[in-house]
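Take a look at the structure below.
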Amino acid sequence: MSERAAPFHCPYCGDEDLRPHESGHGAWECASCNRAFQLKFLGLLSRATQRNDFERDGI
């Protein structure tokens, strides 16, 4: 799996005309609404792990 994932839609206007932005890793620009944005993976939520523990115990 690639470490970089491209967004499919602009989070502001929903258009698909996205290009990498010059400011660096995870930065994208939308040619439709002329906005730049950055995506960043923060991590996994701890509550997802707890939910799996409850399912295993039959609760």
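Counted from 1, the sequence shown has number 21 at position 30 by my numbering; the numbering is strictly sequential. The C-beta atom is built at its ideal place from N, Cα and C for all residues, glycine as well.
State the Cα-Cα distance for the pair residue i and residue j, rounded to the nearest angstrom.
i	j	result
G5	L35	26 Å
P52	E13	No statement about residue 52 is possible, as the shown extent of the chain runs from -8 to 50 and does not include it.
C24	P11	15 Å
G15	R38	32 Å
Going by the beta-carbon positions, is the gap between residue i and residue j smaller than 9 Å?
i	j	result
G17	L30	yes
C21	F28	yes
W19	A(-4)	no
Suppose the cutoff is 7 Å on Cβ atoms and the five residues either side in sequence are ignored; what does the same chain contact list for residue i look like?
i	result
F(-1)	E7
Which same chain residues, not among the five before or five after residue i, have their C-beta less than 6 Å away from its C-beta?
i	result
R57	Nothing about residue 57 can be read from this structure; the chain reaches only from -8 to 50.
M(-8)	For M(-8), the pLDDT reaches just 45, beneath the cut-off of 50, and the residue's location in the model is therefore unreliable, although a value from the coordinates is still provided. So no residue of the chain qualifies.
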